[in-house]
Amino acid sequence: MVFSKKQHTDKSFDAELDGLRARLLTLGGKVESEIAAGVKALIERDSKLAEDVIGADREVNRMEVEIDETCRRLLALRQPAASDLRFITTALKIVVDLERIGDLAVNVAERAIDLNQSPPLRPVHDLLKLAELCQKQVRAALDSFVDADAVKAELAIKDDALVDALYHTLFNELLGLMLEDSKNIRRATSLMFVAKHLERLADHATNVAEMVIFMVKGTDVRHPHSRGLA
Amino acid sequence: MMTETKFVTTMPPVRRAQHTTHEPATARTQAALPETEEPALPATVQAVQQKIEVQKLQAWFRNVHALRDVSLSVPKNTVLAIIGPSGCGKSTFVRCINRMHELVPGARQSGRILVDGKDLHARGVDPVDLRRRVGMVFQRPNPFPTLSIYDNVIAGLKLNGIGGNHQEIAERSLRQAALWDEVKDRLQSSALSLSGGQQQRLCIARALAVGPDVLLMDEPASALDPIATAKIEELIHELRQHLTIVIVTHNLQQAARVADSTAFFYMGELIEHGATEQIFTNPREPRTEDYVTGKFG
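This is the structure:
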């Protein structure tokens, strides 16, 4: 296992790799703020903010395509090996997850707009907690990428269990609201979708963290059961 | 004397799909899929016939210590690529395998090299006969300039006093070297009438004519254009069905394309030896990592 911080003999390759890393971080930052704004729009019933989130996603999509192109160019022109190869192939994969996280933040914003059309349902505390956990997980996954830190990535993966547990609690809570009064069904269903989007978004953060471990250590930790490794 | 079959944990020979030029990485990927922390080693210990075994090889040119305690094995019908910066001992290493190193004045060596389990320096081993079994192709095509294409191919047969149907052997060797179709109508032309890439394949045909089972190639494509290079690489894929090949190359992508295993040498030391896939995706040694990612100097 090697992840060298040493410079390339050809410094322009370093500059290109640094540029790619910086673009990924910018993209990560954008989707992070999309999540925060989407959740805020929901909690504070701010449809204008929700519209902003939907609008901001165009930039995320554009950056995904641009990062893809950069990776393809580097693969073709630099024929990278070892940690460079792992970094670039990781970039190609996590850019998909990041873009998808952005899409899910947009889905949350769309649900917020929908929910804002009706009077608020009784406050669901766990939803805020779930949103915070999910954001934390996305940030942890991105941090592990920035620092090329497999230990941080492993922690981010562990956090997913908390997210899943909270999602199930929330699911039951919302189900209870529906059983209480059928007039709650529409809004509770919308909130269930929000919870599902958040839970799903954390799954994508897990994917990012798994790829970071591969990038740093060269070991693929995905699907150990399917591959007979666990 | 060593037994021919040993229990080892290096890569088994891998048969690969045919492809016009380079073969896709998948064939090799399946053979050496890194599922665990130890991608160079298969899950189970397998019996592999080692063609070449190098044990604690040291070599000197007078006071220059060119190889330091190098040990590695090459399974039969596999390709080993030797990579490393200039002066790291790559060429010296291959020149030890057919006892050419000892021809240099002031050259010394210690340690053992076994081919088919037999020590190269055992009593009764004739270096000339050894070089017939362990052929060599050099960086620059070196056909005999005054000889025809045909005479170049059979030169080794004549020199070694090997009988048999020379015409048949010449045709077979030229076919094996993928040159036959290009020269069959002008076998009596001068070897120098061929292009550089053709001359190199002629040299390979000449090496094959004497029936070697190991082929040492010291940067065989470094003086060739990309198309001629692709032909040599294609040829290596073909030849490995009958031969064991050790190729020295400065072109890392070439090593990645043709070799089953790759060894990285640095300042006379063997730094790392593993499945080519592992060396180029996940080397264990920082110095290998730096070299394959271009972080030297």
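As given, the protein sequences belong to chains H and X, one line each in that order. No gaps in the numbering here: position 88 of the first sequence is 88 in this note's numbering, and each next residue is one more. Each position in the second sequence, counted from 1, maps to that position plus 230 in this note's numbering. Ideal Cβ positions, reconstructed from N, Cα and C, are used throughout, including at glycine. All of these numbers come straight from a predicted model, not from anything done at the bench.
- Val-294 (chain X): which of X:Arg-329, X:Val-364, X:Val-334, X:Lys-306 sits nearest, CA to CA? Locating residue 294 (chain X) in the second sequence gives position 64, counting from the first residue. Out of X:Arg-329, X:Val-364, X:Val-334, X:Lys-306, X:Val-334 has the C-alpha closest to the C-alpha of Val-294 (chain X).
- Item | the region 389 to 401 of chain X contacting the region 475 to 489 of chain X, beta-carbon criterion three pairs below 8 Å | no
- Please report the Cβ distance between His-204 (chain H) and Asp-114 (chain H), rounded to the nearest whole angstrom; I am assuming they are in contact, meaning their Cβ atoms lie under 8 Å. Position 204 of the first sequence, counted from the first residue, corresponds to residue 204 (chain H). Position 114 of the first sequence, counted from the first residue, corresponds to residue 114 (chain H). No, His-204 (chain H) and Asp-114 (chain H) are not in contact; Cβ-Cβ is about 23 Å, not under 8 Å.
- Item | Chain-ordered neighbours of Arg-73 (chain H) on chain X, where CB pairs are closer than 8 Å | For the purposes of this step, residue 73 (chain H) is taken as the residue at position 73 of the first sequence. Neighbours of Arg-73 (chain H) on chain X: none; closest Cβ ~17 Å, over 8 Å.
- Bridge partner(s) assigned by DSSP for Met-366 (chain X): In the second sequence, counting from the first residue as 1, residue 366 (chain X) sits at position 136. Bridge partners of Met-366 (chain X): X:Leu-446.
- Query: Going by Cα to Cα distance, which pick from X:Ala-437, X:Phe-291, X:Ala-485 is closest to Gly-317 (chain X)?
  - Reply: Taking the second sequence and counting its residues from 1, one reaches residue 317 (chain X) at position 87. The option with the nearest alpha carbon to Gly-317 (chain X) is X:Phe-291.
- Message: What residue range does the alpha helix (DSSP H) around Ala-109 (chain H) cover?
- Response: Position 109 of the first sequence, counted from the start, is the residue given in the question as residue 109 (chain H). Ala-109 (chain H) -> alpha helix (DSSP H) spans 82 to 115.
- Following the continuous beta strand (DSSP E) through Val-309 (chain X), name the residue where it begins and the one where it ends. Here residue 309 (chain X) refers to the residue found at position 79 of the second sequence. Run containing Val-309 (chain X): 309 to 313, per the beta strand (DSSP E) assignment.
- Task: Could you give the DSSP three-state label for Val-440 (chain X): helix, strand or coil?
- Result: Position 210 of the second sequence, counted from the start, is the residue given in the question as residue 440 (chain X). Residue state, collapsed to three classes: coil.
- Item | Touching by the beta-carbon criterion (3+ pairs, under 8 Å), the region 136 to 154 of chain H and the region 211 to 222 of chain H | yes
- Query: How close, in whole Å, do the beta carbons of Thr-506 (chain X) and Asp-490 (chain X) come, if the pair is a contact with beta carbons under 8 Å?
  - Reply: Position 276 of the second sequence, counting from 1, holds the residue named residue 506 (chain X). Position 260 of the second sequence, counting from 1, holds the residue named residue 490 (chain X). Contact flag correct, Cβ pair sits at about 6 Å.
- Should Glu-519 (chain X) be flagged as near chain H, meaning a C-beta pair shorter than 8 Å? Position 289 of the second sequence, counted from the start, is the residue given in the question as residue 519 (chain X). Yes, contact with chain H.
- Item | Environment of Pro-442 (chain X) [buried if 16+ CB atoms lie within 10 Å] | The residue given as residue 442 (chain X) occupies position 212 in the second sequence. So Pro-442 (chain X) counts as buried.
- Message: Suppose the cutoff is 8 Å on Cβ atoms and the five residues either side in sequence are ignored; what does the same chain contact list for Leu-24 (chain H) look like?
- Response: What you label residue 24 (chain H) is simply residue 24 of the first sequence in a count that begins at 1. Taken in chain order, the residues that qualify are Ile-67, Ala-91, Ile-94, Val-95, Leu-98, Phe-145.
- Under 8 Å, do Ala-109 (chain H) and Ala-41 (chain H) count as touching if we go by C-beta distance? In the first sequence, residue 109 (chain H) corresponds to position 109, counting from 1. In the first sequence, residue 41 (chain H) corresponds to position 41, counting from 1. Yes. Within cutoff.
- Message: Run through the DSSP bridge pairs and tell me what Lys-348 (chain X) is partnered with.
- Response: What you label residue 348 (chain X) is simply residue 118 of the second sequence in a count that begins at 1. BP columns for Lys-348 (chain X) point to X:Val-345.
- Message: By the 8 Å beta-carbon criterion, what residues does the region 73 to 90 of chain H contribute toward chain X?
- Response: Gln-79, Pro-80, Ala-81, Ala-82, Ser-83, Asp-84, Leu-85, Arg-86
- Message: For the region 401 to 410 of chain X against the region 478 to 489 of chain X, do three or more pairs of beta-carbon atoms, one drawn from each stretch, fall closer than 8 Å, so that the two count as touching?
- Response: no
- Message: Based on DSSP bridge pairs, tell me the residues matched to Tyr-496 (chain X).
- Response: Taking the second sequence and counting its residues from 1, one reaches residue 496 (chain X) at position 266. The partner list for Tyr-496 (chain X) (beta bridge, DSSP) reads X:Glu-499.
- Task: With DSSP as the reference, label Ile-475 (chain X) as helix, strand or coil.
- Result: Taking the first residue of the second sequence as position 1, residue 475 (chain X) is located at position 245. Strand at Ile-475 (chain X).
- Message: Residues of chain H with CB closer than 7 Å to the CB of Phe-510 (chain X), please, in chain order.
- Response: For the purposes of this step, residue 510 (chain X) is taken as the residue at position 280 of the second sequence. Under the 7 Å cutoff, chain H gives Ala-81, Ala-82.
- Message: Please identify, using Cβ separations under 7 Å, the residues of the region 285 to 298 of chain X that lie next to chain H, in order along the chain.
- Response: none
- Thinking just about the alpha-carbon of each residue, which of X:Asp-359, X:Leu-377, X:Arg-470 is nearest to the one in Cys-433 (chain X)? By one-based count along the second sequence, residue 433 (chain X) stands at place 203. Here the closest residue by C-alpha is X:Leu-377.
- Under a CB-based cut-off of 8 Å, is Asp-126 (chain H) close to chain X? Against the first sequence, residue 126 (chain H) aligns to sequence position 126. No - not a single Cβ of chain X is within 8 Å of the one on Asp-126 (chain H).
- Whose CA, out of X:Asp-415, X:Pro-357, X:Gly-365, X:Arg-436, lies closest to the CA of Lys-388 (chain X)? Here residue 388 (chain X) corresponds to residue number 158 of the second sequence, with the count starting at 1. Nearest C-alpha to Lys-388 (chain X): X:Arg-436.
- Message: With three or more beta-carbon pairs closer than 8 Å as the criterion, would you say the region 52 to 64 of chain H touches the region 22 to 37 of chain H?
- Response: yes
- Terminal residues of the continuous alpha helix (DSSP H) containing Ala-460 (chain X)? For the purposes of this step, residue 460 (chain X) is identified with residue 230 of the second sequence, where counting begins at 1. Counting along the chain, the alpha helix (DSSP H) containing Ala-460 (chain X) begins and ends at 456 to 469.
- Task: Mark Gly-19 (chain H) as exposed unless 16 or more other C-beta atoms lie within 10 angstroms of its C-beta, in which case mark it buried.
- Result: For the purposes of this step, residue 19 (chain H) is taken as the residue at position 19 of the first sequence. Result: exposed.
- Other residues of its chain near Ala-453 (chain X): CB distance less than 8 Å, five sequence neighbours each side excluded: As a first step, residue 453 (chain X) must be located in the second sequence, where it is residue number 223. Taken in chain order, the residues that qualify are Gln-369, Arg-370, Pro-371, Gly-426, Gln-430.
- Looking at the C-beta of Gln-483 (chain X), does it have a partner C-beta in chain H at a distance below 8 Å? In the second sequence, residue 483 (chain X) corresponds to position 253, counting from 1. Interface residue, yes.
- Message: Within 8 Å of any Cβ in chain X, is that where the Cβ of Gln-117 (chain H) sits?
- Response: Here residue 117 (chain H) is taken as the residue at index 117 of the first sequence, counted from 1. Gln-117 (chain H) does not count as touching chain X.
- At least three beta-carbon pairs within less than 8 Å, the region 217 to 227 of chain H to the region 159 to 169 of chain H: no
- Message: Considering just the uninterrupted stretch of the beta strand (DSSP E) at Arg-298 (chain X), what are its terminal residues?
- Response: In the second sequence, residue 298 (chain X) corresponds to position 68, counting from 1. Unbroken beta strand (DSSP E) run through Arg-298 (chain X): 294 to 305.
- Grab the span of the alpha helix (DSSP H) containing Arg-21 (chain H) for me, first residue to last. Position 21 of the first sequence, counted from the start, is the residue given in the question as residue 21 (chain H). Arg-21 (chain H) -> alpha helix (DSSP H) spans 11 to 43.
- Please classify Arg-487 (chain X): does DSSP put it in a helix, a strand, or coil? If you number the second sequence from 1, residue 487 (chain X) lands on position 257. It is helical.
- If you check the beta carbons only, do Asp-103 (chain H) and Asp-164 (chain H) fall under 8 Å apart? Numbered from 1 along the first sequence, position 103 holds the residue referred to as residue 103 (chain H). Numbered from 1 along the first sequence, position 164 holds the residue referred to as residue 164 (chain H). Cβ atoms of Asp-103 (chain H) and Asp-164 (chain H): not closer than 8 Å.
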